[in-house]
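Participant: Pasting a structure below so you can have a look.
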Amino acid sequence: MSDDNLPVKYSAEEGTLPPERVQAMFDRIARPYDAMNRVMTGGLDVRWRRLAAEATEVGAGASVLDCCCGTADLTLDLAKRVGPSGEVIGLDFAERMLDRGRVKIAKRGVDQATLIHGDALDLPFEDDRFAAATVAFGIRNVADLGLGFRELVRVVRPGGKVVCLEITTPESGVVSKFHSLWFDRLVPGVGRLVDKQNAAYTYLPASVKRFPGTTTLAHVMYEAGLDDVRFRTLGGGIVALHVGTVRRSAA
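Going by our numbering, the first residue of the sequence shown is number 9, and it counts up by one from there.
Put into structure tokens, the structure is as follows:
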């Protein structure tokens, strides 16, 4: 993405819930989280994460960060790409989500994947630490969107990819109506079955509505230090995959 025809600058707002409440919410739904994802996406989320892993363009021996890794589905996809000689670090602020992810990693014997507890807005890594970074269905939950991307840019080497996979609001009229029915009624209804407090799956539709659209998100990524920001929509427009290249310093 160049300076030409940039959309109106996005003003970062706080999330729909305070960070500590979002953290507690994800800890509470950690156990049914994977099953709920499969049900709500018809299993398509598996393919979407694989596409996100491919978009990093990393190969054997690379070091990659999976930020907001949750239960480590994308972490495991990345681990396949980097192989035994590589390294994938998954970071999340919800300990119970990490616990579920650690069980998966142990069962598969994936030694190159490690999960750590941490804050996406204050990553515990030195500058230029990774060849690439991903964030799937997580950046929407951070309190400062711009800072979240700046931190990812900081820890990825110039020329490396930052990949964002996130729910979005479809532009098509027909798909938009289905999206509204799905998110506003079906998701909260199913969510009541797994979350007695009913916060998690009412928070989800609210957070998506508040999240910037695809073009504006591309601008946020550009402002954070990413060039050649591109995106494609998946699932009929309900999910967007954004990819940017960490800007090289002027010579």
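From the three backbone atoms N, C-alpha and C, an ideal C-beta is built for every residue, glycine too.
Name the residue from P178, R58, P26, Y230 whose alpha carbon lies nearest to the alpha carbon of K217.
Facilitator: One-based indexing of the sequence shown puts residue 217 at position 209. It is P178 whose Cα lies nearest to the Cα of K217.
Participant: Determine the DSSP secondary structure at S19, reduced to helix, strand or coil.
Facilitator: Locating residue 19 in the sequence shown gives position 11, counting from the first residue. Confidence at S19 is low in this model, with a pLDDT of 41, below 50, so the placement of that residue is unreliable and no value is reported for it.
Participant: For V150 and A87, I'd like the C-alpha separation in whole angstroms.
Facilitator: For the purposes of this step, residue 150 is identified with residue 142 of the sequence shown, where counting begins at 1. For the purposes of this step, residue 87 is identified with residue 79 of the sequence shown, where counting begins at 1. So the two alpha carbons sit approximately 25 Å from each other.
Participant: Given 8 Å as the limit, is there contact between the segment 73 to 88 and the segment 135 to 143, that is, 3 or more CB pairs closer than that?
Facilitator: yes
Participant: Given a cut-off of 8 Å on the beta-carbon distance, is the pair R148 and F34 in contact?
Facilitator: On the sequence shown, residue 148 is found 140 positions in, with the first residue counted as 1. On the sequence shown, residue 34 is found 26 positions in, with the first residue counted as 1. No. Outside cutoff.
Participant: If the criterion is Cβ atoms closer than 8 Å, does the pair E174 and F145 meet it?
Facilitator: Taking the first residue of the sequence shown as position 1, residue 174 is located at position 166. Taking the first residue of the sequence shown as position 1, residue 145 is located at position 137. Yes, the pair counts as a contact, with Cβ atoms nearer than the cut-off.
Participant: Please give me, in chain order, every unbroken run of the beta strand (DSSP E) with length at least 3 that falls completely inside the segment 27 to 106.
Facilitator: Entirely contained in the segment 27 to 106, the beta strand (DSSP E) runs reaching 3 residues are, in chain order, 71 to 75, 95 to 100.
Participant: For S10, is the classification buried or exposed, using 16 other Cβ atoms within 10 angstroms of its Cβ as the cut-off for buried?
Facilitator: Position 2 of the sequence shown, counted from the start, is the residue given in the question as residue 10. Residue confidence is low: S10 scores 40 on pLDDT, short of 50, so the model does not pin down where it sits. Its coordinate-derived value is still stated next. So S10 counts as exposed.
Participant: If distances are taken between C-alpha atoms only, which option among H125, A80, A60, D235 comes closest to T241?
Facilitator: Numbered from 1 along the sequence shown, position 233 holds the residue referred to as residue 241. The shortest Cα separation from T241 among H125, A80, A60, D235 belongs to A60.
Participant: Identify the continuous beta strand (DSSP E) that holds R238 and give its terminal residues.
Facilitator: Residue mapping note: residue 238 aligns to position 230 of the sequence shown, counting from 1. From DSSP, the beta strand (DSSP E) with R238 extends over 234 to 242.
Participant: Three-state secondary structure (DSSP) at L160?
Facilitator: Along the sequence shown, read from residue 1 onward, the residue named residue 160 stands at position 152. L160: helix per DSSP, three-state reduction.
Participant: Work out the CA separation of M229 and L249 for me, nearest whole Å.
Facilitator: Reading the sequence shown from its first residue, position 241 is the one you call residue 249. Reading the sequence shown from its first residue, position 221 is the one you call residue 229. In a straight line, the C-alpha of L249 is about 12 Å away from that of M229.
Participant: For N13, collect the residues of the same chain with a Cβ closer than 8 Å to its Cβ; drop the 5 residues on either side in sequence, then sort them by chain order.
Facilitator: Here residue 13 refers to the residue found at position 5 of the sequence shown. Here the model assigns N13 a pLDDT of 40, short of 50, so the residue's position is not dependable, and the following value carries that caveat. Excluding positions up to five away in sequence, the list is empty.
Participant: Apart from the five residues on each side of it in sequence, which residues of its chain come closer than 6 Å, Cβ to Cβ, to G233?
Facilitator: For the purposes of this step, residue 233 is taken as the residue at position 225 of the sequence shown. Excluding positions up to five away in sequence, the list reads V161, R255.
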